[in-house]
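Count along the sequence shown starting at 1, add 440, and that's the number in our numbering.
What follows is one structure encoded as structure tokens, with my remarks underneath.
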Amino acid sequence: MIQKTFIVHGMKCQHCQSAVESALLDIRGVKEAQVSLVDNSVTVDYDEGIVTLDMLREAVEGAGRFEFEA
């Protein structure tokens, strides 16, 4: 398991926060996702052997008008 923090542009409200967290938690291999609206970031605990950065990016950007910065 690894923990990394990424910038996510476009999050403005609690709905955005929930959408990003839910999208990430739906990925097999993601254990935890914590969004900070103040920092425009998400901290993700995930298994690097299963989860790729592209998978995280696709989940976040597919959840709304968000831009994932690795």
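Backbone N, C-alpha and C fix where the C-beta goes; we use that ideal spot for every residue, glycine too.
Just so you know, these numbers come straight off a predicted model, no measurement behind them.
Using the C-alpha atoms, what's the distance from residue j back to residue i?
i      : j      : result
LYS444 : ASP485 : 7 angstroms
PHE506 : HIS449 : 6 angstroms
VAL500 : ALA463 : 6 angstroms
THR492 : LYS471 : 14 angstroms
SER476 : ALA459 : 13 angstroms
ASP479 : ASP487 : 24 angstroms
PHE508 : GLY502 : 10 angstroms
Rounded to the nearest angstrom, how far is the Cβ of residue i from that of residue j, given a contact under 8 angstroms?
i      : j      : result
CYS456 : GLY504 : 6 angstroms
ILE467 : MET441 : About 14 angstroms; that fails the 8 angstroms criterion.
By Cβ distance below 6 angstroms, which residues in the same chain neighbour residue i in space, the five residues on each side in sequence not counted?
i      : result
THR483 : THR445 and GLN474
Leaving aside the five residues before and after residue i along the sequence, list all residues of the same chain whose C-beta is less than 7 angstroms from its C-beta, in chain order.
i      : result
SER481 : THR445, PHE446, ILE447 and VAL448
Suppose the cutoff is 8 angstroms on Cβ atoms and the five residues either side in sequence are ignored; what does the same chain contact list for residue i look like?
i      : result
GLY489 : GLY469
ALA510 : PHE446, LEU493, LEU496 and ARG497
Mind checking who residue i pairs with in its DSSP beta bridge?
i      : result
ILE442 : TYR486
PHE508 : VAL448
Within the segment 445-481, ranges of the alpha helix (DSSP H) (whole runs, at least 4 residues):
Counting only runs of 4+ residues, the alpha helix (DSSP H) found wholly inside the segment 445-481 occupies 454-465, in chain order.
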